[in-house]
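One point on numbering: in the UniProt record's numbering, the residue at position 97 of the sequence shown is 97, and numbering is uninterrupted. Contents: one structure, followed by commentary.
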Amino acid sequence: QDYAQLERIINRIKSKSKDFINNKNTSLFFSDDLACSVSMVGSSKAMLNTLNMIKLVAASKCNPILIVGETGTGKELAAKAIHVLRHPNEQYVAVNCAALTANLLESELFGHVKGSFTGADREKTGLLELAGSGTLLLDEISEMPMELQAKLLRVLQEKSFRKVGGVKDIACNATIMASSNRNLKNEVQANRFRRDLYYRLNICPITLAPLRSQMRRQDIRILAEYFLRTSTICPDKCGKITSLTELAVEALEQHDWPG
Numbered sequence: 001q002d003y004a005q006l007e008r009i010i011n012r013i014k015s016k017s018k019d020f021i022n023n024k025n026t027s028l029f030f031s032d033d034l035a036c037s038v039s040m041v042g043s044s045k046a047m048l049n050t051l052n053m054i055k056l057v058a059a060s061k062c063n064p065i066l067i068v069g070e071t072g073t074g075k076e077l078a079a080k081a082i083h084v085l086r087h088p089n090e091q092y093v094a095v096n097c098a099a100l101t102a103n104l105l106e107s108e109l110f111g112h113v114k115g116s117f118t119g120a121d122r123e124k125t126g127l128l129e130l131a132g133s134g135t136l137l138l139d140e141i142s143e144m145p146m147e148l149q150a151k152l153l154r155v156l157q158e159k160s161f162r163k164v165g166g167v168k169d170i171a172c173n174a175t176i177m178a179s180s181n182r183n184l185k186n187e188v189q190a191n192r193f194r195r196d197l198y199y200r201l202n203i204c205p206i207t208l209a210p211l212r213s214q215m216r217r218q219d220i221r222i223l224a225e226y227f228l229r230t231s232t233i234c235p236d237k238c239g240k241i242t243s244l245t246e247l248a249v250e251a252l253e254q255h256d257w258p259g
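Written out as structure tokens, the structure reads:
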């Protein structure tokens with residue numbers, strides 16, 4: 001009898017959880033307007049504010065757009081969400097400013113003409129040109145060298161650029177997004193980031209809160225349920241996990257979630 005009662009309680013909890021997850025009114029999934037690959041999950045006030053900000057920015061003509069948040073908070077997901085809402089049929093390109101040397105990053109962004117430097121045996125089209133009327137994301141822009149920051153500022157102001165070694169101005173029609181896991185205002189005060197570029201970028205800032213913050217704790221259960229439903233990492237032979245125990249959820253909610 002006790003086991004039967006316990007089973008009824010468990011089934012009732014599962015039913016309520018399923019209804020909660022599937023309830024469109026809770027805005028758990030930002031997938032009505034987006035492709036599944038950029039779905040953003042959450043029901044906390046912080047997350048819903050972020051999603052509303054994404055929609056507002058996407059509907060506006062704001063350009064450039066700055067997205068800030070710690071590593072792992074979903075900055076590129078936010079960028080892709082804005083892109084899909086604003087430029088659904090245009091190109092999306094991204095570059096990690098921390099992954100390339102200054103010279104390589106300059107060539108990657110602006111492109112170069114043949115013979116502009118040793119090894120430039122052919123002309124290269126840069127990401128600013130490849131983005132067309134779509135989106136270019138400058139990931140971890142705080143790592144961009146100061147000399148390139150000056151060139152980027154000119155692009156944002158003049159809406160045009162030149163290839164490395166080139167003399168022809170090329171129109172820049174792309175939405176420029178920049179993301180950073182650092183506080184750019186602090187970087188400016190430490191003379192590691194240009195003040196004028198910071199103010200130019202900080203027109204439409206979107207700040208993403210980390211999971212460990214109290215503002216987003218309620219998103220953890222929903223995220224866990226979402227990944228259970230969408231993950232394919234568990235082979236069939238080990239059996240599919242369909243639910244989480246309360247102990248498991250409690251452990252997840254107490255985790256610090258670094259990165």
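Heads up, the beta-carbon is just placed ideally off N, CA and C, and yes, glycines get one too. For clarity, every value in this text was computed on a predicted model and none was experimentally measured.
If you ignore the 5 residues before and after R195, its C-beta comes within less than 7 Å of the C-beta of V188, all in its own chain and listed in chain order.
Contiguous alpha helix (DSSP H) elements confined to the segment 55-93 occur at 75-86, taking only those with 4 or more residues. For S179, DSSP records a beta bridge to I67. With respect to R217, E253 sits close: the two C-beta atoms are nearer than 8 Å. Between the alpha carbons of V41 and T50 lies a distance of about 11 Å. For E129, the number of other beta carbons within 10 angstroms of its own is at least 16, and it is reported as buried.
The C-alpha of E225 is placed about 11 Å away from the C-alpha of T245. If you compare the alpha carbons of I241, L136, I206 with that of A46, the shortest gap goes to I206.
The C-beta distance from L223 to I241 rounds to 15 Å, too long to fall under 8 Å, and the pair is not in contact. For K163, the closest of L127, I141, R212, V68 by C-alpha to C-alpha distance is L127. Judged by their CB atoms, P64 and L201 are nearer to each other than the 8 Å cut-off. The alpha-carbon of K151 is positioned some 50 Å away from that of A248. A contact is defined here as three or more CB-CB pairs under 8 Å, and the segment 133-146 meets this definition with respect to the segment 90-99. Nearest Cα to C204 within the set I170, K55, C62, L211: C62. Cβ neighbours of R86 within its own chain (closer than 7 Å, five residues either side excluded): A58, T175.
Under the 10 Å beta carbon count, V95 is surrounded by 16 or more other beta carbons and is classified as buried. In this structure, DSSP gives N173 a state outside helix and strand, which the three-state scheme calls coil. Take the alpha-carbon of L153 and the one of L197: they are about 6 Å apart. According to the DSSP secondary-structure assignment, N96 is paired through a beta bridge with D139.
Around the C-beta of L66, 16 or more other C-beta atoms lie within 10 Å, and the residue is accordingly described as buried. Every unbroken stretch of the beta strand (DSSP E) spanning 3 or more residues and falling wholly within the segment 199-254 is given here in chain order: 205-208. For S107, the uninterrupted alpha helix (DSSP H) run begins and ends at 102-110, by DSSP.
For N52, the closest alpha carbon among the candidates A81, T71, T73 is that of A81.
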